[in-house]
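Visitor: Those sequence lines, one after another, are chains A and B. Residue numbers for the first sequence follow our numbering, so the first one is 1 and each next one is one higher. Residue numbers for the second sequence follow our numbering, so the first one is 102 and each next one is one higher.
Number of protein chains: 2
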Amino acid sequence: MKARILPHEFLEQMSGALRVLGHAYRLRIVEHLDLRGPAPGHQLLAELGGAQGALSQHLARLRQAGVIQAERRGKEVWYSLAAPAALTILNCMRKRQGEGK
Amino acid sequence: MKARILPHEFLEQMSGALRVLGHAYRLRIVEHLDLRGPAPGHQLLAELGGAQGALSQHLARLRQAGVIQAERRGKEVWYSLAAPAALTILNCMRKRQGEGK
DNA sequence: TAAATATATCATGATTTGATGATATGTCAA
DNA sequence: TTGACATATCATCAAATCATGATATATTTA
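(1) What are the start and end residues of the beta strand (DSSP E) that includes B:Arg-173?
(2) Measuring CB to CB, does A:Ala-70 end up less than 9 Å from A:Leu-59?
(3) For B:Gln-144, which residues in chain A fall below 8 Å Cβ to Cβ?
(4) If you draw a straight line from the alpha carbon of A:Trp-78 to that of B:Pro-108, how long is it in whole angstroms?
(5) When you compare the CB of B:Gly-123 with every CB in chain A, is at least one pair closer than 9 Å?
(6) Is it true that the CB of B:Ile-106 sits closer than 9 Å to the CB of A:Glu-31?
(7) Starting from B:Leu-182, trace the beta strand (DSSP E) in both directions and tell me its first and last residue.
(8) On the criterion of 16 or more Cβ atoms from any shown chain inside 10 Å, does B:Arg-137 qualify as buried, or is it exposed?
(9) Which partner residues does B:Ala-140 have in the DSSP bridge list?
(10) Please confirm whether A:Arg-73 has its beta-carbon closer than 9 Å to some beta-carbon of chain B.
(11) Which residue's Cα is closest to the Cα of B:Ile-169: B:Ala-183, B:Glu-177, B:Gln-158 and B:Ser-157?
(12) Which same chain residues end up closer than 8 Å to A:Asp-34 when comparing Cβ atoms and leaving out the 5 residues on each side of it in sequence?
(13) Which residues of chain A have a Cβ atom closer than 7 Å to the Cβ of B:Gln-198, listed in chain order?
(14) List, in chain order, every chain A residue whose beta-carbon is nearer than 8 Å to that of B:Ala-166.
(15) At the level of alpha carbons, what is the spacing between B:Arg-195 and A:Leu-27?
(16) Please identify the residue among B:Ser-157, B:Leu-119 and B:Leu-112 whose C-alpha is closest to the C-alpha of B:Glu-177.
Structure follows, in C-alpha cells:
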C-alpha cells in the first residue's frame, strides 16, 4: 500500500480522536470496555473510581469522538467500543508495554 | 497474547504521547518525516508552512515525547522519527482513510 | 568581526481542558 | 406521587495549550 498524503480534513478528525485518547482516565475506560465488554456507567464508576460527573464528561467526549457508543437500557446507560481504530492504538500500546519499551 | 491491565505509570506515558500526536500540525510533521525521511527544520518549515517559532515548539514537544530525534549538522538540525509506536498509529490512520471511514 | 542563516526561547493573551461540587434530568419501583 | 438510583449538566477556577510576534543563540561564511 502506497502511503499518500492524508487530506487536511481527515487529519483534523484524527488529531481530534488522538487528543481524546490522550488522557489516562479515558484510556482506562477504553481498556476496560475492551477487556470486559460493554458496561453501564455505574459499573465503570465502581471499578475506575473518581467523581461521577467527571466520568460522565469523559464518556461524553469519547462518544463525541466516535470512540464509544451509548445505549440506554432502563435507568442504565450501557457503553461499548465503537471505533476499531481506538483498539488498534490500544493494542499497539500493549505490545510496547509487553516489550518493556 | 493475553491482554493484561496496563500499569498506571505506563498509561500516563502513553496518554502523554497520544496527546502530543493529537494536533494536526504535529501529525503532519510525523507524516512528512515518514514519507520523505529525515529533514532539517527549515525544510519542514518551507513545506508545511506556519511560523518558525511555532514549528520549533512543536518539534520540541515531539522530541520530549520521544516521537522524533534531533541531530545538529552545522547550522541545521535534522529531525527523524524515533518512535515505531507513532508510525503504527499513523499507519492505522492511513488504513482508515483508505477505507473511507 | 560582521552579516546571514537556522533554530530556540520568551512574553503575552486567547482558548481549551480538567477537577470539583452542586444541581438537574430520566427511569423505575413502592 | 414519592423516593431511590443512574446519568447528565452546570458553574467555577486552576492549569495547560496554542498562536503570535519579538528576541536570543548557534553556526557558517564573507
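Ideal Cβ placement from N, Cα and C applies to all residues, glycine included.
Guide: From the atom records:
(1) By one-based count along the second sequence, residue 173 of chain B stands at place 72. DSSP places B:Arg-173 in the uninterrupted beta strand (DSSP E) bounded by 169–174.
(2) As a working note, residue 70 of chain A is residue 70 in the first sequence. As a working note, residue 59 of chain A is residue 59 in the first sequence. A contact, by the Cβ cut-off of 9 Å.
(3) Counting from 1 along the second sequence, the entry for residue 144 of chain B is found at position 43. The contacting residues do not exist; B:Gln-144 stays about 16 Å from chain A at best.
(4) Within the first sequence, residue 78 of chain A is the residue found at index 78, counting from 1. Within the second sequence, residue 108 of chain B is the residue found at index 7, counting from 1. Annotation: A:Trp-78 to B:Pro-108 spans about 26 Å, alpha carbon to alpha carbon.
(5) Working through the second sequence from its first residue, we reach residue 123 of chain B at position 22. Yes, because at least one Cβ of chain A sits closer than 9 Å to the Cβ of B:Gly-123.
(6) On the first sequence, residue 31 of chain A is found 31 positions in, with the first residue counted as 1. On the second sequence, residue 106 of chain B is found 5 positions in, with the first residue counted as 1. Yes.
(7) Here residue 182 of chain B refers to the residue found at position 81 when the second sequence is read from its first residue. In the DSSP assignment, B:Leu-182 falls within the unbroken beta strand (DSSP E) covering 177–182.
(8) Against the second sequence, residue 137 of chain B aligns to sequence position 36. Under this definition B:Arg-137 is an exposed residue.
(9) Locating residue 140 of chain B in the second sequence gives position 39, counting from the first residue. The partner list for B:Ala-140 (beta bridge, DSSP) reads B:Tyr-180.
(10) By one-based count along the first sequence, residue 73 of chain A stands at place 73. A:Arg-73 does not count as touching chain B.
(11) Taking the second sequence and counting its residues from 1, one reaches residue 169 of chain B at position 68. The option with the nearest alpha carbon to B:Ile-169 is B:Ala-183.
(12) The residue labelled residue 34 of chain A in the question sits at position 34 within the first sequence. Excluding sequence neighbours, A:Asp-34 sits near Leu-81, Leu-87 and Leu-90.
(13) The residue labelled residue 198 of chain B in the question sits at position 97 within the second sequence. Those within 7 Å of B:Gln-198 in chain A are Leu-6 and Phe-10.
(14) Taking the second sequence and counting its residues from 1, one reaches residue 166 of chain B at position 65. None at all; the shortest Cβ gap to chain A is about 10 Å.
(15) Here residue 195 of chain B refers to the residue found at position 94 when the second sequence is read from its first residue. Here residue 27 of chain A refers to the residue found at position 27 when the first sequence is read from its first residue. One C-alpha to the other measures close to 22 Å.
(16) Mapped onto the second sequence, residue 177 of chain B falls at position 76. The shortest Cα separation from B:Glu-177 among B:Ser-157, B:Leu-119 and B:Leu-112 belongs to B:Ser-157.
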